[in-house]
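To start, the structure itself, in structure tokens.
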Amino acid sequence: MPHEHDFVPDLSVEIGAIRLQNPIMPASGTFGIELGQVIDLNSLGAFVTKSITAKLREGNPLPRLCETTNGALNSIGIPSKGIDHFLEVIVPAYRGLEPPLIASVSADTIKEFGTSCARLSVDGVAAIEANISCPNLEADGQAFAMSPETAHAAIKEMRRRTELPIWAKLTPNASDVAAVGRAVEEAGADALVVANTILGMAIDAETRRPRLGNIMGGLSGPAIKPIVVRMVYQCARAVRIPIIGCGGIMTVEDAVEYLLAGASAVQIGTATFIRPNAMPDIISGLTEYCRRQRITALRDMVGGVLVEGALVESSR
Amino acid sequence: MQAVLSSGEVRRATDKSFPVADQRCNILANEWVNSRYKRLTLAAGGPALDAAPGQFFHILCTTGGDGVFLRRPMSLFRADRENGLIEFLYHVKGRGTDALAALKSGDAISVLGPLGRGFDLDPSRRRILVVARGVGLATLAPIAVWASRNGCETTAILSARTPADLMDREFAGDSGATIIPVLDSDGSSEPERVRALVRSIVDRARPDAFFTCGSNRLLLLLQDLACTYGIPGQVALEQQMGCGLGMCFCCVRSLFVDGREVHKRVCTDGPVFDLAQATSW
């Protein structure tokens, strides 16, 4: 066993065919190349873009964000400059940086998911994150990932249109997330991203108005973490493909919780708003954690939560 | 690789010297200047001291335990490179600023910046007119300092509810700016009276540029007069923010650009915009 202080643990993980130097990457919508003004972008495990739509979208009415207890509620509405802009401006901007670029794609129809996927399959894009879960896209948060059937149909169409790995981003608003996970695995997804924001609402007691322009929005931040850790645990027992955990990670301990629950990697979103250095800090924290716990390869602890004799029924 | 940042500046994204820093700043002073506003003085270093007039900092207004979660954007009021200080003037009016107001000298807070595009200050200008209300005064005060160092005369119309709210000394500092107070308490801040006042200033000695911040009514009035007289202007806009870095698109505002209304991010496309492009909020 190496000495506690003088070994460099291996933080690398594999998401299907893609090897990441560490399991820390941004959550879609909370990241852009602008973060390079504050942190070393090459320190990250991967880059995940804002969701791209085929055509230009202006986004939702204001206000788009409000603070809640230990969290934030947002309804941005996926403002997008369209695929042409993405291919001409965004992809070249990341050229020369080391971490793989993951293109998040959103669409209104299954057909559009397919055509967008095909267009985004270019040199410089390492994988597609299928945002089949954004709760703001359709009335009352209905989205493709709300049911196994529509999620399956969307991923199947994307699978037909691209050779790139597909990461299916699930919604925590579905009643049985593990069932949706199984459906997209069957449809050919290479990984699950568990999960997106939880549909919520906040009202200003003084003005009696909703605190978001779109009335409802997605809740993120530490307030949702235990819910999503539970979903990662359930999904990990239901599928064989890797899982990327996402929901309320603020500290290295939070990231470790997700890994123990069964995530191979994690996404950090809201934490970056509070501390722009959150991702590099968590990466350094993982090295310290491995040294303290005498773990030579971080990937060995994925799914390593110790559950002894627990009465937990398998969802498989 | 080269990334073109919104400031138009080109730099390598992998540079180790970052133009924006999240630093822990010690509070040196946090004192009331009147019944509603406080002045915050922080010890700072690095890029924070390079902050230009109109730029802002994204401040974590808490040391924990008070339910404050997101950062709050605040315009730079004063940067003092020699003494390693940055200052803010803020209105205590909500959960974030209540928490900030409770902090004491010796506490430390996290301060991200400098951020955003500041005022376009053309050294050939000889005479400027500044129209500020409320916290907009803090945003515009650094312009008067810049002007005094560049041989440019500043006339400032400061609008406030009462004489006690005015903060004219805080605004002027040692800039030598000519201050014209207009007040709600005596009716002199009524838009039509301010319009007449601006007209008389322009007729007497035409300014090269207008600057405004802090009031929608004053923005519309000044926009109209800027158009009438053909005087260029700039406005600093406010908006709630998420990341402060241009990534989340929470802080957009509508602007008229090339004849159509488009959303621009206050944090990176602004907070300073061409007065002619601003729309009512």
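Chains as they are written, first to last, in the working numbering: chain F, -16 to 299; chain D, 224 to 504.
For each residue, glycine too, the CB sits at the ideal point set by N, CA and C.
Through-space distance from residue j to residue i, alpha-carbon basis
| i | j | result |
| --- | --- | --- |
| residue 114 of chain F | residue 339 of chain D | 30 Å |
| residue 105 of chain F | residue 472 of chain D | 26 Å |
| residue 286 of chain D | residue 189 of chain F | 27 Å |
| residue 401 of chain D | residue 253 of chain D | 27 Å |
| residue 121 of chain F | residue 328 of chain D | A caution first: residue 121 of chain F carries a pLDDT of 49, below 50, which makes its placement in the model unreliable, though a value can still be read off. Whole-angstrom Cα-Cα distance: 49 Å. |
| residue 84 of chain F | residue 23 of chain F | 15 Å |
| residue 384 of chain D | residue 314 of chain D | 13 Å |
| residue 256 of chain D | residue 358 of chain D | 12 Å |
| residue 248 of chain D | residue 388 of chain D | 28 Å |
| residue 167 of chain F | residue 173 of chain F | 9 Å |
| residue 18 of chain F | residue 245 of chain D | 12 Å |
| residue 276 of chain F | residue 92 of chain F | 47 Å |
| residue 68 of chain F | residue 38 of chain F | 10 Å |
| residue 257 of chain F | residue 206 of chain F | 14 Å |
| residue 287 of chain F | residue 159 of chain F | 23 Å |
| residue 474 of chain D | residue 466 of chain D | 9 Å |
| residue 448 of chain D | residue 271 of chain D | 35 Å |
| residue 391 of chain D | residue 15 of chain F | 40 Å |
| residue 430 of chain D | residue 375 of chain D | 10 Å |
| residue 13 of chain F | residue 48 of chain F | 12 Å |
| residue 130 of chain F | residue 138 of chain F | 12 Å |
| residue -5 of chain F | residue 267 of chain F | 13 Å |
| residue 411 of chain D | residue 275 of chain D | 32 Å |
| residue 509 of chain D | residue 215 of chain F | Here chain D comprises residues numbered 224 to 504, so residue 509 of chain D is not present and cannot be evaluated. |
| residue 413 of chain D | residue 112 of chain F | 54 Å |
| residue 263 of chain F | residue 176 of chain F | 21 Å |
| residue 133 of chain F | residue 45 of chain F | 30 Å |
| residue 57 of chain F | residue 261 of chain D | 30 Å |
| residue 242 of chain F | residue 290 of chain F | 14 Å |
DSSP-derived helix/strand/coil call for residue i
| i | result |
| --- | --- |
| residue 394 of chain D | helix |
| residue 500 of chain D | helix |
| residue 138 of chain F | helix |
| residue 112 of chain F | strand |
| residue 581 of chain D | Residue 581 of chain D is absent from the structure shown; chain D starts at 224 and stops at 504. |
| residue 199 of chain F | strand |
| residue 328 of chain D | strand |
| residue 335 of chain D | strand |
| residue 321 of chain D | helix |
| residue 146 of chain F | coil |
| residue 248 of chain F | strand |
| residue 464 of chain D | coil |
| residue 121 of chain F | Note that residue 121 of chain F scores a pLDDT of 49, beneath 50, so its modelled location is shaky; the value from the coordinates is reported in the next line. Residue state, collapsed to three classes: coil. |
| residue 375 of chain D | coil |
| residue 316 of chain D | coil |
| residue 129 of chain F | helix |
| residue 76 of chain F | helix |
| residue 87 of chain F | strand |
| residue 242 of chain F | helix |
| residue 193 of chain F | strand |
| residue 316 of chain F | Because residue 316 of chain F is not part of the residues shown, which for chain F are -16 to 299, the question remains open. |
| residue 97 of chain F | helix |
| residue 291 of chain F | coil |
| residue 367 of chain D | helix |
| residue 481 of chain D | coil |
| residue 81 of chain F | coil |
Own chain residues within Cβ distance below 6 Å of residue i, not counting five before or after
| i | result |
| --- | --- |
| residue 238 of chain F | 232, 249, 265 |
| residue 261 of chain F | 251, 254, 255 |
| residue 407 of chain D | 384 |
| residue 74 of chain F | 107 |
| residue 76 of chain F | 16 |
| residue 367 of chain D | 377, 398, 400 |
Cβ separation of residue i and residue j, assumed to be a contact under 8 Å, to the nearest whole Å
| i | j | result |
| --- | --- | --- |
| residue 32 of chain F | residue 109 of chain F | So it is not a contact: roughly 11 Å between Cβ atoms. |
| residue 181 of chain F | residue 226 of chain F | Not confirmed; about 18 Å, so no contact. |
| residue 337 of chain D | residue 464 of chain D | So it is not a contact: roughly 14 Å between Cβ atoms. |
| residue 59 of chain F | residue 36 of chain F | About 12 Å; that fails the 8 Å criterion. |
| residue 355 of chain D | residue 456 of chain D | So it is not a contact: roughly 13 Å between Cβ atoms. |
| residue 364 of chain D | residue 341 of chain D | That pair is no contact at about 13 Å. |
Proximal residues to residue i (C-beta, below 7 Å), its chain only, five neighbours per side dropped
| i | result |
| --- | --- |
| residue 28 of chain F | 3, 4, 5, 6, 7, 8, 82, 248 |
| residue 64 of chain F | 39 |
| residue 184 of chain F | 193, 198, 199 |
| residue 443 of chain D | 503 |
Under 8 Å by beta carbon: chain C residues contacting residue i
| i | result |
| --- | --- |
| residue 294 of chain D | Judged by its chain identifiers, the structure shown contains no chain C, and its protein chains are F and D. |
Complete runs of the beta strand (DSSP E) confined to the segment 247 to 313 of chain D [at least 3 residues]: 260 to 266, 279 to 283, 295 to 298, 301 to 303
Every unbroken beta strand (DSSP E) inside the segment 16 to 71 of chain F [3 residues or more]: Qualifying beta strand (DSSP E) stretches, in chain order: 48 to 51, 54 to 57.
Runs of alpha helix (DSSP H) wholly within the segment 406 to 452 of chain D (minimum 4 residues, chain order): Within the segment 406 to 452 of chain D, the complete alpha helix (DSSP H) runs of at least 4 residues are 414 to 427, 439 to 452.
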